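Chemist: Chains as they are written, first to last, in the working numbering: chain C, 353 to 619; chain S, 7 to 321; chain Y, 4 to 327.
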C-alpha cells in the first residue's frame, strides 16, 4: 500500500515538476482552429478544450497548482493545528475554550465552510489555501490534542516535570516529538482532502480564477461540452483520482507502519 | 450516565453560540466595503448607500450582532437580497429536495457501507476482501464532482437510462422522483460508502476475534446469525458516532451534486448565495446547517451511551 | 461400554510462517455416557485445541489434519457446518475460561440463553425466555428473573460463569466440555463452580470433559484422567490409579506440584524448564529435556503410547519407574 501510494504520488510530482518538458505548449494558449481536438491528435495528445487550449498542458500545470495548494494547506493546518492541539492538550485551562472553538469550526461541513470563506475573501489561490487551512487546522488540532493528553500523564513526562523541566521544554522535547506519527498520517489525509476541495472550489468559481490551469477549472470548463468533448472533463478527474488515491494509500500505509495498535489489528 | 448527559448538553451550548457567531462573522471577512462588492461594479453611490443601510452595515458590528441574535430568537433569519424574500421561507422551500436526496444517499451509504465492510471482514485476506476494500478506497479518492459528471455522460447522455438532472416532486410522481434522484444519490453516497466500509471492516475485525463470538458459535447458532446479531450488533455501536461525520460530508457533497444535476435544493441555494454574495442567505444557511449538525452529534453521542449497556449502566 | 465421544488419531495442525505444526498429535480417547474425564496439561499442551476440535470450532489457520471424532457413533470430522450446528449446543456444549469475554456484552443474559434454546427447539420466544429464567435458578443464581434482564458486566465473575453454564446446559447436552472453567475466578468461587458442575452432571446424567492445568481440580471428582504434553497424550488412567502411582515422569511431576495440606513441604517442587515450542520439538521423547529419568536412548525415538489394561503411558522406562 505504502509503495503503491508513494509511486502514484511520485508520478504526479514528477509530472508537475517536468511540466515544461512534457509539453512545450502554454496551458493558456488558445487556438480557435484546433478547438475540441480529440485525444490522440498530433498537436494535442490528450485533446484540446472549447477554446483550443491543450488538455495535457493544462493537466500538468494543474498538477502544480494542486500540489502547491496541498503543500501550503498541510504546512498551515499542520503548524496551527499542532500549536492549538498542544496548548489545549497540555494546559487544562485552555482546553475548554480552544476545543469548543474547534468544535464550532468543525460543526460546519468542511467544503461548505471553505467555499464560504474563499468566496468572502475573493477567488485566488492564496485565499483557497487560507480557507482550507481554516477548515483542516481544527481537525488536525483534535488529533494532536488526543495524543498530547495521553503523553502528558506518561511517566517519563512526570519524571521530567519532577526534575524541574519547564512546560515549554517538556512540550518541545518530550511531547511534540511523540506526536509526529499521528500528525504525519493526519496531514497525508489533509493533503488528499485539499486536492479534492480545490477541485470543488474551482468548479464553483471561488478558486484560483480562470484562466489559471487548475483541475477544478478544467472540469468546470468541460462541463458544458460533456456530450461532444468528454475528455476535457474526464482527464482532470482521472488526475485528481490518481493523486488522491496515492495520498490515501500512502496515509493508510503510514498508519499501519507507524501505529503499533493498527499492526496488531492487522496481524 | 446522568452526569454524562448533563455534561454533554451543557458543552453543546457554547458550541452552538460560537457556531452562530462564526456564521454571522463570515461577511466581516470581505475585504473593503461589502455593500460596494455586493452591489456590483455598475451600482451608483446612492444604490450602494441604500444597500448598506438595508444590510445594517452602517451600524457597528456589535449592534448588528445583537440585532441578529434578537431576530434569530424570534425565528427571523433576515431577507435575501437576491430573492427579495425571507431567508427562512427560501430555505423551507428548498429543504425537501435536499432531504429527499440526502435520505436516498444515506440509505445507500448505510446499506453498501456496512455491507461491504461486513463482507470484507468476514472474508478477511481473501480476494473478496480485496475487492471490497479496493471499492472503498476508490470511493474516498474519486471526487464526487467528477463522478457525477461521469455518470451524466455515461448513463444520461450516452445510454439515456436516467435524466441528466432536474427534480421531480415525490407528490407528483414517486417513481419518477426516485429515478431522477438515483444518479445524484449514488454520486453523493460513494465517498461515505468508502469511509463507512473501511470503518465497519476494522470494527468487525476487532469484534470477530473476541471470545463471545466463539461462544455464539458453540451454542449452535448459524454463521450468518453470529455475524449479524452478535458481531455486527457490537460493531455498530461505536459506528453510530460516525453518523455526524457522514452527514457533514453529505451536506458538503450536496452543494456540488445539486449544482451538477440542477436540483433546486438547499446546497444550490447556498452556493448561489455565496457566488452572488447574498449574505443573509449565507449566514442563515450556514448557521442552520451547523446547528443541526451540532444537535445531530449531541443525539448520536447520547444514543451511543444508551445503546452500549457498559456505558448505560456505568456508575 | 460403547463410547459417547470416541476420538481416534486426532491431529490438529496450525499453519505458521515456519510451516504447519501439530498442536494435537495423533490423540485417541473415549468418554463414556455420564463419565467425568479430566484432560490435564500445561498451556500449549493441546488440551484446549482438543476441546475446540470436538466442538468443530477450530478456525483458520488451524485445521483437523486427520483422525476421527465420533459422537454417539456419528462421525463429526468433515460433517457439513449445517449438521454440525445442530449438534453444537444441543448434544454437546462448552463452557469457556473467561466468562466476561465469553458473554456478549451488549445482550441481556436471559436473551443469550434463550437464543440457544430457540435455535435448537421449536419453542416460542416467551417459553424460551421462561426456560432461561428456570435455568438461571438451576445453576444457583438468586433472583433469576431479575438477573435474566441484566447485562454481563452487571454480574460478578462467579455469577457470569454460572450463567455460561446455564447457557451450555440449556438443551440438556449429553456431553459438557468445560475449558478451564474456574481459572479466571477467585479460589472460593472456584470450589462453588466445581460443585455446581458435579451436581449438574449427576442431576442430568451428562458426561463431563474438564480441561485444566490443575491436576488437583480433577483429583477428587474425575473418573479418569488424561495427561497431555506438547500435543501428545503421555498418560491415561483412572484417577485413583494415577494419583496412587503415576507411570509417566511428567504426571509424577504434576502430582508433586499439587499443594497437599497433609504433607508439609518447605518448597513445592515444580517441573524444571518449559514446554517446548511445537515448531522446535526436541529429538526423541518430547518431555526428555525436562525429565529426571531421561537416558540417552530417550532421544532416539518418541516413545509410543502403550496400553496396560485401563492404563496407558508413553514412556519407554515406565515399567522401571513403576517398579522403582
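Every residue gets a Cβ at the ideal spot worked out from N, C-alpha and C, and that includes glycine.
Predicted, not measured: the structure shown is a model, and the values here were computed from it.
Is residue 618 (chain C) helix, strand or coil by DSSP?
Modeler: Your numbering for residue 618 (chain C) matches position 266 in the first chain. Because the pLDDT at residue 618 (chain C) is just 28, under 50, the model does not fix this residue reliably, and the value given afterwards should be weighed accordingly. Three-state result, residue 618 (chain C): helix.
Chemist: What's the C-alpha gap between residue 123 (chain S) and residue 45 (chain S)?
Modeler: One-based indexing of the second chain puts residue 123 (chain S) at position 117. One-based indexing of the second chain puts residue 45 (chain S) at position 39. Each residue's alpha carbon lies about 51 Å from the other.
Chemist: Residues in the same chain with beta-carbon distance under 7 Å from residue 293 (chain Y), minus the five sequence neighbours each way, listed in chain order, please.
Modeler: Reading the third chain from its first residue, position 290 is the one you call residue 293 (chain Y). Closer than 7 Å at Cβ, skipping near neighbours: 274, 275 and 276.
Chemist: Would you kindly work out how many angstroms separate the C-alpha atoms of residue 356 (chain C) and residue 258 (chain S), rounded to a whole number?
Modeler: On the first chain, position 4 is the one that residue 356 (chain C) refers to. On the second chain, position 252 is the one that residue 258 (chain S) refers to. Those two C-alpha atoms are separated by around 29 Å.
Chemist: Taking the straight line between their C-alpha atoms, what separation do you get for residue 181 (chain S) and residue 69 (chain Y)?
Modeler: Taking the second chain and counting its residues from 1, one reaches residue 181 (chain S) at position 175. Taking the third chain and counting its residues from 1, one reaches residue 69 (chain Y) at position 66. Across the structure, residue 181 (chain S) and residue 69 (chain Y) are spaced so that their CA atoms are roughly 58 Å apart.
Chemist: Does the count of Cβ pairs from the segment 286-301 of chain Y and the segment 211-231 of chain Y closer than 8 Å reach three?
Modeler: no
Chemist: Which class does residue 132 (chain S) belong to by DSSP, given the choice of helix, strand or coil?
Modeler: If you number the second chain from 1, residue 132 (chain S) lands on position 126. The answer is coil: DSSP assigns residue 132 (chain S) none of H, G, I, E or B.
Chemist: Following the continuous alpha helix (DSSP H) through residue 32 (chain Y), name the residue where it begins and the one where it ends.
Modeler: Locating residue 32 (chain Y) in the third chain gives position 29, counting from the first residue. Element bounds for residue 32 (chain Y): not the alpha helix (DSSP H) but the beta strand (DSSP E), 22-34.
Chemist: Among all the DSSP beta bridges, which residues are the ones paired with residue 232 (chain Y)?
Modeler: Taking the third chain and counting its residues from 1, the one referred to as residue 232 (chain Y) is at position 229. In the DSSP secondary-structure assignment, residue 232 (chain Y) is bridged to Y:235.
Chemist: Just mark residue 190 (chain S) as buried or exposed, buried being the case when its beta carbon has 16 or more other beta carbons within 10 Å.
Modeler: Working through the second chain from its first residue, we reach residue 190 (chain S) at position 184. Result: buried.
Chemist: Would you say residue 569 (chain C) lies against chain S (beta-carbon separation less than 8 Å)?
Modeler: Translated into positions along the first chain, residue 569 (chain C) becomes position 217. Not one chain S Cβ lies under 8 Å of residue 569 (chain C).
Chemist: If you reduce the DSSP assignment to three classes, tell me which class residue 38 (chain S) lands in.
Modeler: Residue mapping note: residue 38 (chain S) aligns to position 32 of the second chain, counting from 1. Here residue 38 (chain S) sits in coil by DSSP.
Chemist: Assign residue 396 (chain C) to buried or exposed, taking buried as 16 or more other Cβ atoms, counted over all protein chains shown, within 10 Å of its Cβ.
Modeler: Indexing the first chain from 1 puts residue 396 (chain C) at position 44. Buried, because 16 or more other Cβ atoms sit within 10 Å of the Cβ of residue 396 (chain C).
Chemist: Determine the direct distance from the alpha carbon of residue 188 (chain S) to that of residue 10 (chain Y), and round the result to whole angstroms.
Modeler: Taking the first residue of the third chain as position 1, residue 10 (chain Y) is located at position 7. Taking the first residue of the second chain as position 1, residue 188 (chain S) is located at position 182. Computed Cα separation, rounded: 58 Å.
Chemist: Look at the alpha carbon of residue 233 (chain S) and the alpha carbon of residue 609 (chain C), and state the distance between them as a whole number of angstroms.
Modeler: Residue mapping note: residue 233 (chain S) aligns to position 227 of the second chain, counting from 1. Residue mapping note: residue 609 (chain C) aligns to position 257 of the first chain, counting from 1. Roughly 29 Å separates the two Cα atoms.
Chemist: On the CB-based measure, 16 or more other CB atoms within 10 Å of its CB, does residue 67 (chain S) come out buried or exposed?
Modeler: On the second chain, residue 67 (chain S) is found 61 positions in, with the first residue counted as 1. Residue 67 (chain S) comes out exposed.
Chemist: Please name the residues in the segment 581-600 of chain C whose beta-carbon is closer than 9 Å to at least one beta-carbon of chain S, in chain order.
Modeler: 582, 585, 586, 588, 589, 590, 592, 593, 594, 595, 596, 597, 598, 599 and 600
Chemist: In this structure, how does DSSP classify residue 406 (chain C) when only helix, strand and coil are distinguished?
Modeler: What you label residue 406 (chain C) is simply residue 54 of the first chain in a count that begins at 1. Strand at residue 406 (chain C).
Chemist: Just the Cα atoms here: how many angstroms apart are residue 310 (chain S) and residue 93 (chain S)?
Modeler: Position 304 of the second chain holds residue 310 (chain S). Position 87 of the second chain holds residue 93 (chain S). About 35 Å.
Chemist: Do you know offhand how far residue 541 (chain C)'s Cα is from residue 535 (chain C)'s?
Modeler: Residue numbering aside, residue 541 (chain C) sits at position 189 when the first chain is read from its first letter. Residue numbering aside, residue 535 (chain C) sits at position 183 when the first chain is read from its first letter. Just so you know, the alpha carbons of residue 541 (chain C) and residue 535 (chain C) end up roughly 10 Å apart.
Chemist: Does DSSP put residue 167 (chain Y) in a helix, in a strand, or in coil?
Modeler: Numbered from 1 along the third chain, position 164 holds the residue referred to as residue 167 (chain Y). The answer is helix: DSSP assigns residue 167 (chain Y) an H, G or I state.
Chemist: Of all the options Y:155, Y:167 and Y:159, which has the alpha carbon lying nearest to the alpha carbon of residue 142 (chain Y)?
Modeler: One-based indexing of the third chain puts residue 142 (chain Y) at position 139. For the residues Y:155, Y:167 and Y:159, the minimum Cα distance to residue 142 (chain Y) belongs to Y:167.
Chemist: Comparing the C-beta of residue 365 (chain C) with each C-beta of chain S, is any distance below 8 Å?
Modeler: Within the first chain, residue 365 (chain C) is the residue found at index 13, counting from 1. Judged by the 8 Å Cβ criterion, residue 365 (chain C) is not in contact with chain S.
Chemist: Give me, in chain order, the residues of the same chain whose beta-carbon lies closer than 7 Å to that of residue 463 (chain C); leave out the 5 immediate sequence neighbours on both sides.
Modeler: Stepping through the first chain from its first residue, residue 463 (chain C) is reached at position 111. Cβ neighbours of residue 463 (chain C) beyond the five flanking positions: 549 and 552.
Chemist: Say whether chain S places a C-beta atom closer than 8 Å to the C-beta of residue 608 (chain C).
Modeler: Counting from 1 along the first chain, the entry for residue 608 (chain C) is found at position 256. Not closer than 8 Å to any Cβ of chain S, the Cβ of residue 608 (chain C) fails to qualify, so no.
Chemist: Using a beta-carbon distance cut-off of less than 8 Å, what residues from the segment 471-485 of chain C approach chain S?
Modeler: 471, 472, 473 and 474
Chemist: Pull the bridge partners of residue 181 (chain Y) from the DSSP assignment, please.
Modeler: Position 178 of the third chain, counted from the start, is the residue given in the question as residue 181 (chain Y). Y:98 and Y:213, per the DSSP bridge assignment.
Chemist: For residue 317 (chain Y), count neighbouring Cβ atoms within 10 angstroms of its own Cβ and tell me buried if that reaches 16, exposed if not.
Modeler: In the third chain, counting from the first residue as 1, residue 317 (chain Y) sits at position 314. By the 10 Å Cβ count, residue 317 (chain Y) comes out buried.
Chemist: Can you have a look at residue 8 (chain Y) and say buried or exposed, based on whether 16 or more other CB atoms are within 10 angstroms of its CB?
Modeler: For the purposes of this step, residue 8 (chain Y) is taken as residue 5 along the third chain, with counting starting at 1. The residue is buried, with at least 16 neighbouring Cβ atoms inside 10 Å.
Chemist: DSSP state of residue 179 (chain S), grouped into three classes?
Modeler: As a working mapping, residue 179 (chain S) is identified with position 173 in the second chain. Reduced to three states, the DSSP call for residue 179 (chain S) is coil.
Chemist: Opposite residue 77 (chain Y) in the DSSP bridges: which residues?
Modeler: Translated into the one-based positions of the third chain, residue 77 (chain Y) becomes position 74. In the DSSP assignment, the residues bridged to residue 77 (chain Y) are Y:74.
Chemist: Is it buried or exposed for residue 348 (chain S), if we count other Cβ within 10 angstroms and need 16 for buried?
Modeler: This structure does not reach residue 348 (chain S), given that chain S is present from 7 up to 321, and the question cannot be answered.
Chemist: Specify whether the segment 237-251 of chain S and the segment 196-208 of chain S touch according to this definition: at least 3 beta carbon pairs, one from each stretch, less than 8 Å apart.
Modeler: yes
Chemist: Does chain C have any CB closer than 8 Å to the CB of residue 111 (chain S)?
Modeler: The residue labelled residue 111 (chain S) in the question sits at position 105 within the second chain. Closer than 8 Å: no.
Chemist: In three-state DSSP terms, what is residue 43 (chain S)?
Modeler: For this step, residue 43 (chain S) is matched to residue 37 along the second chain. Note: residue 43 (chain S) maps to helix in three-state DSSP.
Chemist: Classify residue 521 (chain C) as helix, strand or coil using the three-state DSSP reduction.
Modeler: In the first chain, counting from the first residue as 1, residue 521 (chain C) sits at position 169. Shown here, residue 521 (chain C) sits in a helix according to DSSP, grouped into three states.
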